[in-house]
Every structure is written in C-alpha cells, then in structure tokens.
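Colleague:
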Amino acid sequence: MNVVVARVADIATDIRSFELAPLDGGPLPEYAPGAHIDVHLPNGLVRQYSLCGRREDSGAYLIAVQRGSASRGGSHAMHALRAGDALRIEGPRNHFPLDVTATHSILFAGGIGITPLLAMAEALAARHASLDLHYCVRERSRAAFLERLDALALRAHVTLHVDSEPGKPALNVSRVSGEPAPGRHLYVCGPAGFMTHVISIAQQAGWDDALVHREYFNAPVAGKSAEADEAFVVRLVKSGRAIPVAASQTVVEALAAQGVRIDTSCEQGVCGTCLTRVLAGQPDHRDLFLTDAERTRNDQFLPCCSRSRTPELVLDL
Ligand code: FES
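So for the sequence shown, numbering that gives the first Met the number 0 puts the first residue at 0; every next one is plus one.
Take a look at the structure:
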C-alpha cells in the first residue's frame, strides 16, 4: 500500500510523529490496538511501528519514532522524512492484541514503548474497563503524548515515572502489578532491559506467561556470538526436500537460495511474520517474539534468526 507523509511533528525529545495518509485517497484498513505496520524506508530497510492514532482520527495512520543512538538506520531514515514524501507500507498486523475481556489490565510502557500501549489504554478507557498505565521515561521532555494521557478518561489511570526527577518513587513493578489472578493481564513494551525487568518480576510473582503480553520494538544490537554457529539441515515435509543451512546463513536465506520463499519483515526475530511450524527437531530460539512457554513447546520458530540445536529440523513447509 502506498501512503504519503501528511504531517511530521516533534512530540518529545528525539521523538517524531508521522501521519500517513493513503496516496490514492482511499480508506486505510482498520486496525485494533496493539497493531503495527511495516514501513519500507527509502534506504531499503523495513521497520515495524505501532499504530497509535485515536479511533476518531480516521483517514490516516499515526506512528511515532524515536531516533535511537543504537539505530541500525531505521529511525534515522524515518526522521529524515518530510511531509509530502511517499512510502510503501504493509499491514496492519497485530501480534500484540488486547484482551478486552480482562477484569483488570496493567500496562507498562518504557520510552517509545508507549505507542501501542497508548492505543490500548484509550480503547480500555473508552469501554470503562479497569486499567493502570505506568509510563517510564528518563526525563520528562522525553515523554510523548502527554496531552492524550492527561485526557479526562485516562488521567486517573496513568502514572508517569521520570528517572531524573528526585523524590519520586521509582516504578515498583511487583507492587503495582499486585497478585496474579485469572482475568488480570499485564502488557509491556519498551527497551529490552525494561522488558526483561518487568517480565522477570512478573515471572517471580507467579504470573502465567500467557497473561504477560509483550512487544519488543527492536532486537538488541547483536554482538558476535562467542559460540560459532553450526550448519544443519531443514527438511520440508510437504516436498520431502532436505536443504542445508550453512553456518553463515539464516534458514530464510538458505531456503531462498533453493527457491523457497518465506515472508519476512523485520528479519531480526521481533515481528513474527516468518513464524513457521516445526514438526521435529529442536529449534535454537533466538527471537524476541515467542514467550518462554511457546519456546519450550518446540513446535514453531522464527527462521529469520533462529537456528537448530539438532542436526535436522523438520518444517511444515
Ligand atoms: Fe520478523 Fe522473522 S521476519 S520475526
């Protein structure tokens, strides 16, 4: 789908919002809170950004992008866009759905991780559902969407935690989460360290993995693995073909070299687009998409980044 950048606005330190309108004027597909789009950037990269517009703002998609110092080029390319630039987008897709049947939802946003959670909080508030949103930022100037968070329907449910402001208690995840119980859901989005912190405290407190919903917006910048990767074979059960995966290749690359195409988007184990069923063998999970419980089942993996612990992996392809 082709869109045009209709409006660019600086909404916090290093954070810009972009309104994307359809190029042909036709309506954009609807989406639910938590959904993201894939943006094909002029430099060839594809990046995922959560949709954070208001329900009533139809006719354009709103995304917000933080310029990252550890960026692999995505956020810098986004920040170079100007109103009037054309872009290709795909989606929306939603791997971070909101459970609107929850009795209580606790949302943890770290930095730019506010984007999907803002849309969720507004949707919950519109339904008069029980919710708390904890939004953590390093400095107040880095907090985006404060006006929307201060709207009458949301204000009482939002706590802003600012690292640099003395005298304010830091976020105590275990205290604000309370006891796990059926119907209570946690949602977390933000930098990897923030997510690990929230998720590990929830796990220690006995929260069921299925009730701790998470969305990583970027894989950590990978260092070279100390352990050299090894070659293995993937067997495609529908054709019976056995395709070798060299130590230097991803499964997606090895399959593509043999004419087998798997849809990909982020190519860093974040978005879930390449999710593939595993029928035998043990994947070496390297993604940030699956939960621990899903990994343990060994029945699916992300071939854009994950590998195999067994000499052969049998795939449902
Ligand atoms: Fe995004 Fe594989 S392409 S997880």
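C-beta: ideal position from N, C-alpha, C; glycine also.
#1: Here's the rule: buried if 16 or more other CB atoms are within 10 angstroms of the residue's CB, otherwise exposed. What is residue 62?
#2: Sorry if obvious, but does the Cβ on residue 247 come closer than 7 Å to a heavy atom of the ligand FES?
#3: For residue 35 versus residue 91, is the C-beta distance shorter than 8 Å?
#4: Ignore the nearest five residues each way along the sequence and tell me which others in residue 298's own chain have a CB closer than 6 Å to its CB.
#5: Which ranges does the beta strand (DSSP E) cover as unbroken runs of at least 3 residues, wholly within the segment 191-270, from first to last along the chain?
#6: Exposed or buried, which one is residue 118 when buried takes at least 16 other CB atoms within 10 Å?
#7: Run through DSSP, which three-state label would residue 102 get?
#8: Could you name the residues, in chain order, whose CB is less than 6 Å away from a heavy atom belonging to the ligand FES?
#9: So residue 235 and residue 316 are in contact, right, with Cβ under 8 Å, and what is the actual spacing, rounded?
#10: Going by C-alpha distance, which of 143, 59, 275, 105 is nearest residue 254?
#11: I need the boundaries of the alpha helix (DSSP H) containing residue 318, first residue and last residue.
#12: Starting from residue 114, trace the alpha helix (DSSP H) both ways and give me its first and last residue.
#13: Starting from residue 94, trace the beta strand (DSSP E) in both directions and tell me its first and last residue.
#14: What distance in whole Å lies between the Cβ atoms of residue 72 and residue 44, which are believed to be in contact at a cut-off of 8 Å?
#15: Hey, would you say residue 200 sits closer than 8 Å to residue 213, going by beta carbons?
#16: Using 8 Å for Cβ pairs, my map puts residue 312 next to residue 233. What's the rounded Cβ distance?
#17: Using 8 Å for Cβ pairs, my map puts residue 11 next to residue 147. What's the rounded Cβ distance?
#18: Grab the span of the beta strand (DSSP E) containing residue 63 for me, first residue to last.
#19: May I ask you to list the residues that DSSP assigns as paired with residue 1?
#20: Classify residue 195: buried if its beta carbon has 16 or more other beta carbons within 10 angstroms, exposed otherwise.
#21: Between the Cα of residue 82 and the Cα atoms of 19, 181, 158, which residue gives the shortest distance?
#22: Can you name, in chain order, every residue of its own chain whose Cβ lies under 6 Å from the Cβ of residue 266, other than the five neighbours on each side?
#23: Do residue 121 and residue 37 come within 8 Å of each other at the CB atom, strictly closer than that value?
#24: Can you tell me the Cα-Cα spacing of residue 168 and residue 160, whole angstroms?
#25: Report all residues from its chain with a CB closer than 6 Å to the CB of residue 352; omit the five preceding and five following residues, and keep chain order.
#26: By the 10 Å Cβ neighbour count, where 16 or more other Cβ atoms means buried, how is residue 257 classified, buried or exposed?
Modeller: On the basis of the coordinates in this document:
#1: Here residue 62 is taken as the residue at index 63 of the sequence shown, counted from 1. Under this definition residue 62 is a buried residue.
#2: In the sequence shown, the residue the question calls residue 247 occupies position 248. Checking every heavy atom of the ligand FES against the Cβ of residue 247, none is found closer than 7 Å.
#3: To locate residue 35, count along the sequence shown from 1; it is residue 36. To locate residue 91, count along the sequence shown from 1; it is residue 92. Yes, Cβ-Cβ distance for residue 35 and residue 91 is below 8 Å.
#4: The residue given as residue 298 occupies position 299 in the sequence shown. The answer, listed in chain order, is 277.
#5: 211-215, 231-235, 241-244
#6: By 1-based counting over the sequence shown, the position of residue 118 is 119. By the 10 Å Cβ count, residue 118 comes out buried.
#7: By 1-based counting over the sequence shown, the position of residue 102 is 103. Of the three classes helix, strand and coil, the one that applies to residue 102 here is coil, per DSSP.
#8: 263, 264, 265, 266, 268, 269, 270, 271, 272, 273, 286, 288, 301, 303
#9: Residue numbering aside, residue 235 sits at position 236 when the sequence shown is read from its first letter. Residue numbering aside, residue 316 sits at position 317 when the sequence shown is read from its first letter. Sure, about 4 Å apart at Cβ, within 8 Å.
#10: Here residue 254 corresponds to residue number 255 of the sequence shown, with the count starting at 1. Of the candidates 143, 59, 275, 105, the one whose C-alpha sits nearest the C-alpha of residue 254 is 275.
#11: The requested residue 318 does not occur in the structure, where the chain is confined to residues 0 to 316.
#12: Here residue 114 refers to the residue found at position 115 of the sequence shown. Per DSSP, residue 114 belongs to the alpha helix (DSSP H) from 113-125.
#13: What you label residue 94 is simply residue 95 of the sequence shown in a count that begins at 1. No beta strand (DSSP E) holds residue 94; DSSP gives it neither H nor E.
#14: By one-based count along the sequence shown, residue 44 stands at place 45. By one-based count along the sequence shown, residue 72 stands at place 73. Their Cβ separation, rounded to whole angstroms, is 6 Å, which keeps residue 44 and residue 72 in contact under 8 Å.
#15: The residue labelled residue 200 in the question sits at position 201 within the sequence shown. The residue labelled residue 213 in the question sits at position 214 within the sequence shown. Cβ distance not < 8 Å, so residue 200 and residue 213 don't count as in contact.
#16: Here residue 312 refers to the residue found at position 313 when the sequence shown is read from its first residue. Here residue 233 refers to the residue found at position 234 when the sequence shown is read from its first residue. Confirmed, Cβ separation roughly 5 Å.
#17: Residue numbering aside, residue 11 sits at position 12 when the sequence shown is read from its first letter. Residue numbering aside, residue 147 sits at position 148 when the sequence shown is read from its first letter. In fact, because the Cβ distance is near 12 Å, the residues do not count as touching under 8 Å.
#18: Stepping through the sequence shown from its first residue, residue 63 is reached at position 64. Element bounds for residue 63: 60-65.
#19: As a working mapping, residue 1 is identified with position 2 in the sequence shown. In the DSSP output, where bridge partners are listed per residue, residue 1 has 87.
#20: Your numbering for residue 195 matches position 196 in the sequence shown. It counts as exposed.
#21: For the purposes of this step, residue 82 is identified with residue 83 of the sequence shown, where counting begins at 1. Of the listed residues, the one whose Cα sits closest to residue 82 is 19.
#22: In the sequence shown, counting from the first residue as 1, residue 266 sits at position 267. Apart from the 5 residues on each side of it in sequence, residue 266 sits with its Cβ closer than 6 Å to the Cβ of 303 in its chain, given in chain order.
#23: Position 38 of the sequence shown, counting from 1, holds the residue named residue 37. Position 122 of the sequence shown, counting from 1, holds the residue named residue 121. In this structure, residue 121 does not lie closer than 8 Å to residue 37 by Cβ.
#24: Here residue 168 corresponds to residue number 169 of the sequence shown, with the count starting at 1. Here residue 160 corresponds to residue number 161 of the sequence shown, with the count starting at 1. In a straight line, the C-alpha of residue 168 is about 8 Å away from that of residue 160.
#25: What the structure shows of the chain is the stretch from 0 to 316, and residue 352 is not part of that stretch, so it cannot be assessed.
#26: If you number the sequence shown from 1, residue 257 lands on position 258. With fewer than 16 Cβ atoms within 10 Å of its Cβ, residue 257 is classed as exposed.
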